[in-house]
Each structure stands twice: as C-alpha cells, then as structure tokens.
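Reviewing the structure listed below.
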Amino acid sequence: MSVNLSPLRYPGGKNKVYSYIKHLVEINSLTSYIEPFAGGAAIAIKLILRDEVKRIYLNDFDPSIYCFWKSAIFYTDDFVDLITNTPINMDEWHKQVDIQKEKMKLNPSDKNDCLTLGFSTFFLNRTNRSGILKAGVIGGKKQNGNYKMNCRFNKENLIRRIRLIATKRDSIFLYNLDAIQFINQVIKKTRNSLTFFDPPYYDKGPALYTNFYEHQDHVHLANSINENMKNRYWLLTYDTAPQIQNIYEPFHLKFLEYYLNYSVSRPTKGKEFMYFSKKIDAGSYQDYLKVATKKEA
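Residues 800 to 1096, numbered by this note's numbering, are exactly what the sequence shown covers, in order.
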C-alpha cells in the first residue's frame, strides 16, 4: 500500500505513481523535483523526506493551497497551535467556510492572513467529503451520517506529518504563480530537474477545484510547455478527455493511457493520459503502471 505523507487529501492525488516518479528521477540522474500544480504534493513530500532528491519546488496559483503549505512549512509552531486548539464542530466548519468565501481579501504575504487562510484550507480539506473545499462536510450538516466530520482529522498524526515536513524547509521552495509564469520565472532556471505537470482535470475540474481551467487555459499551458520545456525532463498527466488528445497530438509526444485509482465520493479506477518530454527516458513504466494503451513519439 502506498503511504501518503502529505497532510492534505486530494482528489486524483498522484501518490500511487510515486514509485514510477522515483524510477524516473533515478534513471535520468535528476536532483530536483518540481510540481507546478502542487495541490497535496504527495509525491514531492515523499521524495524530499526520503532524500530521493536534494530539493523540491512547489507552486500553486490557488492562494488557499499556497497559504496552507507556507503556514505548515514556515510558520509551523503557529500552525500546530491552531490544529491543537481548534475544536472540530459545525460552528467551526461554518467559520472556516466563510474564510474561504472571503479569501481574496486576505494577503498571503501577511503572516496572520496566511495562517488564517492556510488553516481554513487544512480544516476543510480534512472535514469535507473527498477533501474537496467546495464539497459538503463529512456526515452532513446535521452530523447524522455513518461517518462524522472528525473521522479524517487525527490531530496527533497530522501534527507529526507537518513537523516532519518542516524539518526539510531549507530544501523546499514555494511559489504562488500562474503555471506559465512559473515555467518562465522558475523552472527554466533550474538544472537536473524533473517537472511533473498535473493540471486541473479537463472534464471534472470545475467540480473538484476552486481554481479550474477553461479550454483556452489548457491550450495556453500546452503551448507554453511545447515552447519552453523542449530540452527538459518533464511528464504531464490528464483525464482522458478527447480535447486533451487534440491539444497535444500536434506535438508528437510519447504518451500512455494508464489506470489510476482516485476517490471522489467513492474509490474508482479511472484512466488518465501521461505525456512525456522528448528528452526524458521513460524507463520501465510497465513495471510501475497498469497501462491501457501506449504511443511512441
């Protein structure tokens, strides 16, 4: 079973492909790992905690996610105090929902604002169905379901995870940029790095994420990757929407269609696309992924 060391629950989280990503890092002799759409950052966190890479770069354009990571990694004691002292009940849940509704009034550069928004993100991620910030609370608002809102909120375990991650803060670089800005301002300046692009799903994105992409956003990202990442090591995953195939087909990239279990209301075995840069050695993917189809460049 794949162990998730991230404190966040994330729909479509890629923790199950960790072993394959580790394989790519090893066979391509890479020392840095980059996530432009960090989300729960399960793979990045596991790589750095196990010393498989020297540094990780985490970026998320959503201030909710960015503030969570900034608070947990760099304001750790304050964040742990919030976890310890905050009750897990419906009054608190409503308070945290209201913070998310007003998040654009908060300044991620201000420590108190960052902690407020970061903790709200964490609280709702642990108490909402499937960890989705826009979803309803586990057990329903009357808390009369089979599971209660605290069933995914083991404070001691989560604090232990956060403190462990914080020990690596000097090797973690955190950003709050649009993905295309991040490519130009950060990724292009790195060396010996593997970038894992995991953008919002094409079809289900609006239902899963507070920051989702429209069609043209997916097109702009593809063009930016094609123009700026030619001589770099990267891979990209997407849901199997035909529009994604149409966007990426002109670039003549090697790709796989593989099975990935993810949880949104119930565990399902979904298929995803995985595209590879022309520079990367994709290695023995058949040893790590359940492949449905494959296509060479």
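C-beta: ideal position from N, C-alpha, C; glycine also.
| Item | Value |
| --- | --- |
| Assuming contact is defined by CB atoms lying nearer than 7 Å, are Leu1052 and Tyr1074 in contact in what I supplied? | yes |
| Would Asp977 pass as a contact of Lys813 if the rule is Cβ separation under 7 Å? | no |
| Please classify Tyr856: does DSSP put it in a helix, a strand, or coil? | strand |
| Just how far apart, CA to CA, sit Tyr1001 and Phe1072? | 11 Å |
| Please state whether DSSP places Ala840 in a helix, a strand or coil. | coil |
| Near Met800, what residues of its chain come up, given a Cβ to Cβ distance below 6 Å and the 5 sequence neighbours on each side ignored? | Bear in mind that the predicted position of Met800 carries a pLDDT of just 46, short of 50, making it unreliable; the figure below should be weighed with that in mind. No residues qualify anywhere along the chain. |
| Would you check if the region 983–994 and the region 1027–1042 touch, i.e. whether three or more CB-CB distances between them fall below 8 Å? | yes |
| In terms of residue numbering, what span does the beta strand (DSSP E) encompassing Phe972 cover? | 971–974 |
| Per DSSP, which one or two residues make a beta bridge with Ile833? | Tyr856, Thr994 |
| Using DSSP with H/G/I as helix, E/B as strand and the rest coil, what is Asn927? | strand |
| Thinking C-alpha only, which one of Asn953, Leu829, Phe995 is nearest Thr883? | Asn953 |
| Should Glu955 be flagged as near chain B, meaning a C-beta pair shorter than 7 Å? | Note that chain B does not occur in the displayed structure, where there is just one protein chain. |
| Which same chain residues, not among the five before or five after Arg951, have their C-beta less than 6 Å away from its C-beta? | Arg925 |
| Can you tell me which of the three DSSP states Pro1066 falls into? | Legend: pLDDT at Pro1066 = 48, less than 50; position of this residue unreliable, value from coordinates given subsequently. The answer is strand: DSSP assigns Pro1066 an E or B state. |
| Starting from the Cα of Ile844, find the closest Cα among Ser863, Ala871, Glu825 and give me that residue. | Ala871 |
| In this structure, what does DSSP give as the bridge partners for Trp1033? | Thr994 |
| So, for Leu807: in the same chain, excluding its five sequence neighbours on each side, which residues have a beta-carbon less than 6 Å away from its beta-carbon? | Gly839, Asn924 |
| With respect to the beta strand (DSSP E) encompassing Val896, which residues constitute its N-terminal and C-terminal limits? | Element bounds for Val896: not the beta strand (DSSP E) but the alpha helix (DSSP H), 889–900. |
| Could you please give the first and the last residue of the uninterrupted alpha helix (DSSP H) stretch that includes Ala965? | 954–965 |
| In terms of alpha-carbon separation, which member of Leu916, Ser992, Ile1046 lies closest to Met903? | Leu916 |
| Assuming Leu857 contacts Trp868 (C-beta within less than 8 Å), just tell me the rounded distance between them. | 6 Å |
| Determine the closest residue to Ile847 out of Asn827, Phe860, Lys821, Tyr865, with distance taken between C-alpha atoms. | Lys821 |
| Pick out whichever of Lys1078, Tyr1057, Tyr1087 has its Cα sitting closest to the Cα of Lys1094. | Tyr1057 |
| Identify every residue that forms a DSSP beta bridge with Tyr1058. | Lys1070 |
| May I have the straight-line CA-CA distance separating Asp850 from Thr830, to the nearest angstrom? | 10 Å |
| In angstroms, rounded to a whole number, what distance separates the CA positions of Ile1043 and Leu905? | 34 Å |
| For Glu955, is the classification buried or exposed, using 16 other Cβ atoms within 10 angstroms of its Cβ as the cut-off for buried? | exposed |
| If you check the beta carbons only, do Leu993 and Tyr946 fall under 7 Å apart? | no |
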